[in-house]
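For reference, the structure discussed in these notes is given below.
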Amino acid sequence: MLLLYLGLGALAGLLSGLFGIGGGLVIVPVLVFTFHLLHFPAALSVHMAMGTSLATIIVTAANSTYGHYRQDGIDWRIVRQMSTGIVLGALLGSVLAHGLNGQLLENLFGIYLVLIALKMLLSHNCVSSRSMPKFWVTSLVGGFIGFKSALFGVGGGSVSVPFLNYCGQPMKKAAGISAACGLPIALTGTLTYAVMGCQQSAQLPEWSLGYIYLPAWLGIVVTSAWCARIGARLAHRWPQLLLKRLFAVMLLLIAAKIFLF
Numbered sequence: 089m090l091l092l093y094l095g096l097g098a099l100a101g102l103l104s105g106l107f108g109i110g111g112g113l114v115i116v117p118v119l120v121f122t123f124h125l126l127h128f129p130a131a132l133s134v135h136m137a138m139g140t141s142l143a144t145i146i147v148t149a150a151n152s153t154y155g156h157y158r159q160d161g162i163d164w165r166i167v168r169q170m171s172t173g174i175v176l177g178a179l180l181g182s183v184l185a186h187g188l189n190g191q192l193l194e195n196l197f198g199i200y201l202v203l204i205a206l207k208m209l210l211s212h213n214c215v216s217s218r219s220m221p222k223f224w225v226t227s228l229v230g231g232f233i234g235f236k237s238a239l240f241g242v243g244g245g246s247v248s249v250p251f252l253n254y255c256g257q258p259m260k261k262a263a264g265i266s267a268a269c270g271l272p273i274a275l276t277g278t279l280t281y282a283v284m285g286c287q288q289s290a291q292l293p294e295w296s297l298g299y300i301y302l303p304a305w306l307g308i309v310v311t312s313a314w315c316a317r318i319g320a321r322l323a324h325r326w327p328q329l330l331l332k333r334l335f336a337v338m339l340l341l342i343a344a345k346i347f348l349f
């Protein structure tokens with residue numbers, strides 16, 4: 089299990105830096121499968137995977153943000169605008185996830201991935217000529233991103249990157265902004281999942297902090313921090329269109345794993 093967590097952290101960190109996602113798109117389905125193998129309570133496995141994922145994103149997003157910052161790849165004005173709604177959205181999403189059935193939550197997550205991937209594959213223009221919308225629109229989108237991210241245990245890049253790309257931000261810039269926005273999402277979601285999970289403490293395995301499974305968290309963050317910086321450097325060297333297509337294919341593969349296994 090330790091080797092699995094270390095490998096998962098390396099992959100999540102690389103994807104975090106490369107695409108501006110928190111790594112939860114990979115971490116959540118793998119942890120769900122792992123927790124089933126460890127015979128964790130079936131009704132809580134998905135919630136624990138999402139809570140643990142959000143806790144690891146604090147580290148991966150911080151390192152990815154630093155990597156993009158060194159490449160001058162973050163527009164902090166947009167980050168501030170989106171963060172206005174992110175915290176409230178993340179809080180609401182975490183509370184809702186606590187009350188949903190685990191299997192339903194997993195299926196919704198898979199459908200969501202497919203929709204985002206198809207949108208990016210069918211979009212031919214790499215960079216739109218549009219500009220960023222008004223402050224209240226950007227804040228509203230931030231609220232939706234925070235809500236969706238906490239609900240599914242991901243960092244928000246699967247929505248924020250396509251949104252920023254649609255608004256005229258190149259993929260490299262979108263990845264940097266998305267990475268920075270992942271921090272308030274992860275902090276808010278982690279705290280809420282930890283508190284809500286304490287209500288189920290009698291059913292949770294040892295070494296759990298609410299819905300956060302600490303051994304998995306530690307194994308993942310050990311390797312994710314270093315790999316996130318490598319991914320950020322690669323993102324500023326690879327072609328824009330290639331990044332966009334790889335991102336969409338990755339989402340489809342993860343969705344297939346959810347529905348077929």
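Numbering of the sequence shown is given in my numbering, commencing with residue 89 and proceeding in unit increments. Heads up, the beta-carbon is just placed ideally off N, CA and C, and yes, glycines get one too.
*Counting pairs of Cβ atoms below 8 Å between the segment 270-286 and the segment 139-152, do you hit three or more?*
yes
_C-alpha distance - L176 paired with V167, whole-angstrom precision_ = 15 Å
*Reducing DSSP to helix, strand and coil, say where I300 ends up.*
strand
*Taking the C-alpha atoms as reference points, what is the distance between A150 and Q288?*
30 Å
_Are the CB atoms of S312 and G43 within a distance shorter than 8 Å?_
As shown, the chain starts at 89 and ends at 349. That puts residue 43 outside it, with no answer to give.
_4-residue-minimum alpha helix (DSSP H) runs that sit fully inside the segment 119-189, ordered along the chain_ = 130-158, 164-186
_Test item: CB-CB of A282 and Y93 under 8 Å_ = no
*For F347, does the count of other Cβ atoms within 10 angstroms reach 16, so buried, or fall short, so exposed?*
exposed
*If I115 sits next to A130, beta carbons under 8 Å apart, how far is it from one beta carbon to the other, in whole angstroms?*
Contact flag wrong, Cβ pair sits at about 19 Å.
_Every unbroken alpha helix (DSSP H) within the segment 204-277, with a cutoff of 4 residues, ordered by chain_ = 223-240, 245-254
_Between which two residues does the alpha helix (DSSP H) holding S104 run?_
90-107
*Measure the C-alpha to C-alpha separation of V120 and L193 and round it to an integer number of angstroms.*
12 Å
*By how many angstroms is the C-alpha of L334 removed from the C-alpha of F155?*
Here residue 155 is Gly; the residue named in the question, Phe, does not match the sequence. In a straight line, the C-alpha of G155 is about 20 Å away from that of L334.
*Separation of V202 from T278, as counted between CA atoms*: 25 Å
*Can you tell me the Cβ-Cβ gap for L161 and G264, rounded? I've got them flagged as a contact below 8 Å.*
The residue you asked about is not Leu; residue 161 is Gly in the sequence shown. About 3 Å separates the two Cβ atoms, so the contact holds.
*Select from L209, L196, G319 the residue whose C-alpha is nearest the C-alpha of A343.*
L196
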